[in-house]
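A.B. asks: Below is one structure. I have some questions about it.
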Amino acid sequence: MPSSSPAGAIAIVAFVLKPTPYVQEFLHRLSMLEYPDKNSRVHLRIYTNQMYNKQHIETWANGQNGEKNDDFGIVQIVNGTAMGEHKIRAEAVQWAIEINADFLFLIDAEAHITAPDTLIILVQKAREDNNYRAILAPLLLRPDTVYSNFWGAVSESGYYARSFDYLDIIHGKSPAHVWNVPFVGAAIFVSKRKFEALSKAFVLNGGVDADISMAKFCRENSHFMFVDSSKGTQFYGFLVNSDAFSQLPKEARLNLELYDYPNNKKLWESRYIHPEYFTVLKPGTDVPLACPDVYDFPFLSERFCEELIEVMEEFGQWSEGKHKDGRVQGGYENVPTRDIHMNQVGFERHWLQILDNYVAPMQEKVFIGFYQRPIHANMMFVVRYRPDEQASLRPHHDASTYSIDVALNKKDVDYEGGGVRYVRYNCTVPADQIGWSMLFPGRLTHLHEGLPTTRGTRYILVSFINP
Numbered sequence: 001m002p003s004s005s006p007a008g009a010i011a012i013v014a015f016v017l018k019p020t021p022y023v024q025e026f027l028h029r030l031s032m033l034e035y036p037d038k039n040s041r042v043h044l045r046i047y048t049n050q051m052y053n054k055q056h057i058e059t060w061a062n063g064q065n066g067e068k069n070d071d072f073g074i075v076q077i078v079n080g081t082a083m084g085e086h087k088i089r090a091e092a093v094q095w096a097i098e099i100n101a102d103f104l105f106l107i108d109a110e111a112h113i114t115a116p117d118t119l120i121i122l123v124q125k126a127r128e129d130n131n132y133r134a135i136l137a138p139l140l141l142r143p144d145t146v147y148s149n150f151w152g153a154v155s156e157s158g159y160y161a162r163s164f165d166y167l168d169i170i171h172g173k174s175p176a177h178v179w180n181v182p183f184v185g186a187a188i189f190v191s192k193r194k195f196e197a198l199s200k201a202f203v204l205n206g207g208v209d210a211d212i213s214m215a216k217f218c219r220e221n222s223h224f225m226f227v228d229s230s231k232g233t234q235f236y237g238f239l240v241n242s243d244a245f246s247q248l249p250k251e252a253r254l255n256l257e258l259y260d261y262p263n264n265k266k267l268w269e270s271r272y273i274h275p276e277y278f279t280v281l282k283p284g285t286d287v288p289l290a291c292p293d294v295y296d297f298p299f300l301s302e303r304f305c306e307e308l309i310e311v312m313e314e315f316g317q318w319s320e321g322k323h324k325d326g327r328v329q330g331g332y333e334n335v336p337t338r339d340i341h342m343n344q345v346g347f348e349r350h351w352l353q354i355l356d357n358y359v360a361p362m363q364e365k366v367f368i369g370f371y372q373r374p375i376h377a378n379m380m381f382v383v384r385y386r387p388d389e390q391a392s393l394r395p396h397h398d399a400s401t402y403s404i405d406v407a408l409n410k411k412d413v414d415y416e417g418g419g420v421r422y423v424r425y426n427c428t429v430p431a432d433q434i435g436w437s438m439l440f441p442g443r444l445t446h447l448h449e450g451l452p453t454t455r456g457t458r459y460i461l462v463s464f465i466n467p
């Protein structure tokens with residue numbers, strides 16, 4: 001039976017030691033963890049060698065993002081730039097010894113714990129059978145894959161091999177919930193009696209990854225490792241896919257998660273798709289009609305809009321708004337604007353997939369009978385309107401089958417004026433809700449003009465689809 005005595009001190013050590021997306025969400029989930037009892041003392045240390053995440057971590061640790069971290073007794077951020085991963089992980093265990101912790105939770109930034117009661121369950125599981133399971137990992141799975149944070153078997157070369165029951169374990173088909181396994185990683189819960197042993201395990205073999213070194217040491221010295229699948233197919237959380245995050249386009253310099261699509265699709269959607277999008281997409285839900293055949297729907301989150309503006313302004317090479325334009329085929333732009341194209345900031349491939357997965361379904365809902373996938377588009381760009389640059393745009397037809405026009409910033413705060421007038425219908429759309437997109441036919445019917453921006457800077461995102 002689980003002990004009813006207090007859990008004592010728990011040391012949580014988080015590692016951000018390679019390019020990893022969604023560290024802010026990872027930290028938020030750490031702050032949501034519940035503790036075994038009111039007398040628990042929980043201390044946190046974060047190691048990072050990633051400059052991209054440094055500000056995110058410091059902002060979170062200082063509570064500047066509105067999250068309270070008062071429940072942590074100690075919060076330390078350690079710059080690991082000059083240290084190797086093996087030494088960092090060994091030092092983390094030593095820190096738990098120094099602060100006299102009873103348990104140590106080692107967690108990589110790829111491991112997102114979504115079950116708030118994870119620490120409570122792990123303490124209970126670790127204490128069962130006289131603390132037999134002193135090295136215990138909560139089962140985590142990368143969404144839509146069979147990739148997890150444990151191995152079912154080891155090959156002759158000492159690396160991963162799939163055990164006969166591996167799929168049953170991760171799919172929740174096995175009657176057992178705790179398994180003795182040859183490797184655990186990403187999130188490891190360690191009891192105090194194993195601290196001294198593990199402080200040596202990570203530096204045993206510098207020729208392999210630190211977690212493989214640790215697991216090899218444990219296997220060879222009878223320190224049993226366990227994985228807990230008692231949450232079933234709900235799991236304790238999930239693993240972020242960081243494989244491609246170090247290989248983003250060379251133009252990607254800011255707000256890198258924008259470029260992560262579609263590697264971690266659910267995370268990307270929760271951060272960047274408008275919270276009302278999927279509701280409006282449902283059958284039976286009306287899509288707002290702003291003018292004849294001009295639909296206006298929630299598409300992108302305010303965060304997406306803000307971050308895209310930052311990307312464009314950081315790039316800074318706005319066109320001159322002249323007809324001569326070397327970026328377009330033939331070198332001539334019939335209706336020029338001051339803009340930056342998606343391909344100039346390395347976002348073209350990602351944006352095409354986003355259009356295909358979110359705009360095309362909305363188009364198919366409102367313009368019944370037209371289907372063309374994958375989407376084709378050559379003209380995808382952000383326009384900047386200013387009174388002292390280009391304030392408006394003359395009446396024109398888009399070179400598209402249909403177009404979208406997304407408002408990126410806030411009227412009466414960032415700018416005044418603006419809006420779109422559809423000439424044939426004498427109908428004006430304010431186009432002032434951040435992240436909302438107009439969707440309308442391009443050629444022939446929908447002659448339209450951009451109304452003057454009278455103060456500030458107005459940004460819109462435009463795509464000419466299926467030219």
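Under UniProt numbering, the residue at position 113 of the sequence shown is numbered 113, and the numbers go up by one with no gaps.
The C-beta atom is built at its ideal place from N, Cα and C for all residues, glycine as well.
What does the alpha-carbon distance come out to for the pair residue 414 and residue 303?
C.D. replies: Taking the straight line from one Cα to the other gives about 15 Å.
A.B. asks: What do you get for residue 309, buried or exposed, if any count of 16 or more other CB atoms within 10 angstroms of its CB means buried?
C.D. replies: With 16 or more Cβ atoms within 10 Å of its Cβ, residue 309 is classed as buried.
A.B. asks: Helix, strand or coil: which one does DSSP assign to residue 421?
C.D. replies: Residue 421 falls in the strand class under three-state DSSP.
A.B. asks: Per DSSP, residue 458 is paired with what?
C.D. replies: According to DSSP, which records beta bridges pairwise, residue 458 is partnered with 385.
A.B. asks: In the DSSP assignment, find the beta strand (DSSP E) that holds residue 11 and state where it starts and stops.
C.D. replies: That run of the beta strand (DSSP E) goes 9-16.
A.B. asks: Which of the three DSSP states, helix, strand or coil, is assigned to residue 178?
C.D. replies: Residue 178 falls in the strand class under three-state DSSP.
A.B. asks: In three-state terms, what does DSSP make of residue 410?
C.D. replies: Here residue 410 sits in coil by DSSP.
A.B. asks: Since I believe residue 448 is in contact with residue 395 (beta carbons under 8 Å), could you give me their beta-carbon distance rounded to a whole number of angstroms?
C.D. replies: Between residue 448 and residue 395 the Cβ distance is about 7 Å, and since that is below 8 Å, they are a contact.
A.B. asks: Identify the continuous beta strand (DSSP E) that holds residue 137 and give its terminal residues.
C.D. replies: Element bounds for residue 137: 135-138.
A.B. asks: I need the DSSP call for residue 87, collapsed to helix, strand or coil.
C.D. replies: Three-state DSSP puts residue 87 in a helix.
A.B. asks: Unbroken beta strand (DSSP E) runs of length 3 or more, entirely within the segment 201-277: which are they?
C.D. replies: Qualifying beta strand (DSSP E) stretches, in chain order: 225-228 and 237-239.
A.B. asks: Out of 168, 382 and 366, state which residue places its alpha-carbon closest to the alpha-carbon of residue 405.
C.D. replies: Of the listed residues, the one whose Cα sits closest to residue 405 is 382.
A.B. asks: Which runs of the beta strand (DSSP E), 3 residues or longer, sit entirely within the segment 265-334?
C.D. replies: You should have 289-291 and 294-298.
A.B. asks: Pick from 389, 438, 274 and 173: whose alpha carbon is nearest that of residue 456?
C.D. replies: The option with the nearest alpha carbon to residue 456 is 389.
A.B. asks: Taking the alpha carbon of residue 122 as the point to measure from, which residue in 228, 342, 351 and 350 has its own alpha carbon closest?
C.D. replies: Comparing Cα positions, the closest option is 228.
A.B. asks: Tell me the rounded alpha-carbon separation between residue 13 and residue 49.
C.D. replies: Answer to the nearest angstrom: the Cα atoms are 14 Å apart.
A.B. asks: Apart from the five residues just before and just after residue 292, which ones in its own chain have a Cβ nearer than 8 Å to its Cβ?
C.D. replies: Answer for residue 292: 422, 425 and 427, listed in chain order.
A.B. asks: Assuming residue 34 and residue 120 form a contact by the criterion Cβ under 8 Å, report the distance between their Cβ atoms to the nearest whole angstrom.
C.D. replies: Right, their Cβ atoms sit about 6 Å apart.
A.B. asks: Buried or exposed: residue 171, going by 16 or more other Cβ atoms within 10 Å of its Cβ?
C.D. replies: Counting Cβ neighbours within 10 Å, residue 171 comes out exposed, since fewer than 16 surround it.
A.B. asks: Less than 9 Å separating the beta-carbons of residue 93 and residue 202?
C.D. replies: Taking 9 Å as the Cβ cut-off, residue 93 and residue 202 qualify as a contacting pair.
A.B. asks: Can you tell me whether residue 123 is helix, strand or coil according to DSSP?
C.D. replies: Looking at residue 123 - three-state DSSP - the assignment turns out to be helix.
A.B. asks: Could you give the DSSP three-state label for residue 451: helix, strand or coil?
C.D. replies: Correct three-state label for residue 451: coil.
A.B. asks: Can you tell which of 8, 21 and 62 has the C-alpha that lies nearest to the C-alpha of residue 31?
C.D. replies: Per the Cα distances, 62.
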